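Below you'll find the structure, written out as structure tokens, and then a few comments.
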Ligand code: ACO
Ligand code: LMR
């Protein structure tokens, strides 16, 4: 078959890179996308790939049968299956009427299976390229499998985006790429280049392709690169003698160095080993020369021979060099361009807390193993990840005490209650936890930051406690950190007592706590439950800790309070208790909670 700008393929095995490379080639050649379907057993859907800058969706099918049924125009199967699945996939492709060429990329397919495929291909009039091949390139028309020709820069350098006059066939894919460059330098370029693969029994031989090129009017000059081992090249001699291959042919068999080894040498490919004498590179080069094929003295002189022959054909008027078109620019892949320093992009996210870029994650700049080795406590961890400073011991202990003291306050409080209701409605742990955490706010648990703001303001401004209470009353604002539903002067909150005691013994100064207690003195006179509550006590002591630690300047302290560290601390702590309640409800297998109607005052409008 002839590969044209209209040739399309089904790609077997979802391999994003070679698929993309085929589409990049298509874009470069200004042809529509050549990969029109992908087969990937066990997967169905679509695969997203780039066509130029735009994205295209390629349908993915579970079976080759479905893909061929839906895409009858696809004539090529790019079989990228592993050596285990390549054979059944190729065999199935042989049975279809639409697929004409089967490219088998896998290496290591048992020879018995390849021979069976070759026999089948003959019977069904199909062309096999491979196994063990990178495929090839029909310049300006179709990339036969994704890796042929190498990176897009190489494809452009070798001018493979437009057809020339040379037909190239090689055993090795690497050498084919090298020859693409040599031919681009010395001639008007390749019309088609194919690597048949290095197996002893290739699905199609060097000769098969030379005969295909014979029929292609645009191809005026043939270049073939064989390999030591095997006898394929003698078939070419025979075809030349029989007049089936007539176009000027330049050929070289690499591996002449094998003679210097006193034993049989196996080169990279399965078929590349000297067997009998006539399979040696030297013997084959000699025989080719005798048959009138142009054979250089060495591989290094191949370029010269190609140039010479091309120039002669040009002189004779057999090749007319066309005007060079400008190649289209293929957009670079962003990741690649970034790696090569060709683009820059402002980042969307900035992070100063931790990193996962090194082999080991770090908290700040400290590797996690060091955090473990040095037995960081929870408070030290907060210093590292929240405050990003080394904090004095009393500060660390204060944070840890807050976490322990505020972790739970029974099932009746807002957070636990909500979480229990959610858990009993069948919600999972995380959803139930969120439901509980959402209650943390100005009345419950989340009054700490506001209390910090007010207490800081009045202390900084030397406002008398009485004036502050009066001012808040005038404004109709409840003082954050003051008041409790059940705790009172007569029923003090033990948590507040413990925090006060700790601070008195460990803090260098307690100016804000002292102020808050003076406020309490005034409010508690109004109603005995208007005490300094646990939120208020934490807030006042937090201000004292921040100031006396001498680790933060006034701007930093302001910011810490503004952005809400302490409500965060309450949420962190209370999550422990809330999760406990959720697990408890699940363990008890409690059913859906419905609030008792006798506990609700129904005040409906009169009918
Ligand atoms: N500052 C000034 N006056 C207050 C305050 C306060 N913080 N709290 C209540 N009052 C007054 C009310 O204005 C009302 O006065 P009035 O009778 O003259 O109208 C009276 O006390 C009763 O008010 P309620 O809101 O009914 O009191 P309740 O006992 O329900 O309030 C609550 C408890 C919600 C904690 C309340 O004191 C308050 O809002 N405090 C501020 C927010 C706060 O600190 N929350 C955290 C609590 S601790 C925790 O959740 C872990
Ligand atoms: C708590 O810590 O949850 C309590 O102080 C709140 C409450 O309503 O008792």
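Residue numbers (the numbering used here): 277 to 883. Glycine is no exception: its CB is placed at the ideal position from the N, C-alpha and C atoms. Predicted model only: the values in this text are computed from it and were never measured.
Exercise. If you follow the beta strand (DSSP E) that residue 377 is part of, which residue opens it and which one closes it?
Worked result: 377-380
For this session: May I have the straight-line CA-CA distance separating residue 511 from residue 399, to the nearest angstrom?
Result: 21 Å
Exercise. Where does residue 645 fall in DSSP's three states?
Worked result: helix
Problem set entry | Lining residues of the ligand LMR - beta-carbon closer than 5 Å to any non-hydrogen atom, in sequence order | 685, 689 and 761
Problem set entry | Cα-Cα separation between residue 335 and residue 675, rounded to whole angstroms | 56 Å
For this session: Go through the stretch 332-394 residue by residue and report every complete run of the beta strand (DSSP E) that reaches 3 residues or more, in order.
Result: Listed in chain order, the complete beta strand (DSSP E) runs (minimum 3 residues) inside the stretch 332-394 are 352-355 and 377-380.
Exercise. Does the stretch 692-702 come close enough to the stretch 769-779 that 3 or more CB-CB pairs lie under 8 Å?
Worked result: no
Problem set entry | Own chain partners of residue 731 with C-beta closer than 7 Å, once the 5 adjacent residues on each side are dropped | Counting only Cβ-Cβ distances below 7 Å, and skipping sequence neighbours, we find 788, 791, 792, 815, 816 and 819.
Exercise. Cβ atoms of residue 434 and residue 425: under 8 Å apart, would you say?
Worked result: yes
For this session: Could you tell me whether the Cβ atoms of residue 843 and residue 725 are closer together than 8 Å?
Result: yes
Problem set entry | residue 798 beta carbon less than 8 Å from that of residue 891 | Lying outside 277 to 883, the shown extent of the chain, residue 891 is not represented and no answer is given.
Exercise. So, using beta-carbon positions, are residue 369 and residue 337 closer together than 8 Å?
Worked result: no
For this session: Check whether the Cβ atoms of residue 573 and residue 530 sit closer than 8 Å, and answer yes or no.
Result: no
Problem set entry | Own chain partners of residue 877 with C-beta closer than 7 Å, once the 5 adjacent residues on each side are dropped | none
Problem set entry | CA-to-CA distance, residue 879 to residue 708, given in whole angstroms | Cα to Cα, the separation comes out at about 30 Å.
Exercise. In whole angstroms, what separates the C-alpha of residue 860 from that of residue 829?
Worked result: 44 Å
For this session: Taking only the alpha-carbon atoms, compute the straight-line gap between residue 526 and residue 462 and give it to the nearest angstrom.
Result: 13 Å
For this session: Within the same chain, show all residues whose beta-carbon is closer than 8 Å to that of residue 863, passing over the 5 residues directly before and after it, in chain order.
Result: none
For this session: Can you say whether residue 329 is buried or exposed, counting buried as having 16 or more other CB atoms within 10 angstroms of its CB?
Result: exposed
Exercise. According to DSSP, is residue 421 helix, strand or coil?
Worked result: Three-state DSSP puts residue 421 in coil, outside helix and strand.
Problem set entry | Those runs of the alpha helix (DSSP H) which lie wholly inside the stretch 658-736 and span at least 4 residues | 669-681, 690-700, 705-713 and 724-736
Problem set entry | Rounded distance between the beta-carbons of residue 288 and residue 353, thought under 8 Å | With a Cβ gap of about 6 Å, residue 353 and residue 288 count as contacting.
Exercise. Do residue 585 and residue 476 come within 8 Å of each other at the CB atom, strictly closer than that value?
Worked result: no
For this session: Give the straight-line distance between the Cα atoms of residue 620 and residue 628, rounded to the nearest whole angstrom.
Result: 21 Å
Exercise. Buried or exposed: which applies to residue 900, given that a residue is buried once 16 or more other Cβ atoms fall within 10 Å of its Cβ?
Worked result: Lying outside 277 to 883, the shown extent of the chain, residue 900 is not represented and no answer is given.
Problem set entry | Reduced DSSP category for residue 585 - H, G, I as helix; E, B as strand; rest coil | helix
Exercise. Is DSSP giving residue 606 helix, strand or coil here?
Worked result: Three-state DSSP puts residue 606 in coil, outside helix and strand.
For this session: Give me whichever residues DSSP pairs with residue 652 in a beta bridge.
Result: The partner list for residue 652 (beta bridge, DSSP) is empty, contrary to what the question assumes.
For this session: Below 8 Å CB to CB, which residues in the same chain sit around residue 630 once its five sequence neighbours on both sides are set aside?
Result: 637, 638, 639, 640 and 661
Exercise. Skipping 5 residues on each side, what residues in its chain have a beta carbon closer than 7 Å to that of residue 667?
Worked result: Same-chain partners within the cutoff: 659, 825 and 827.
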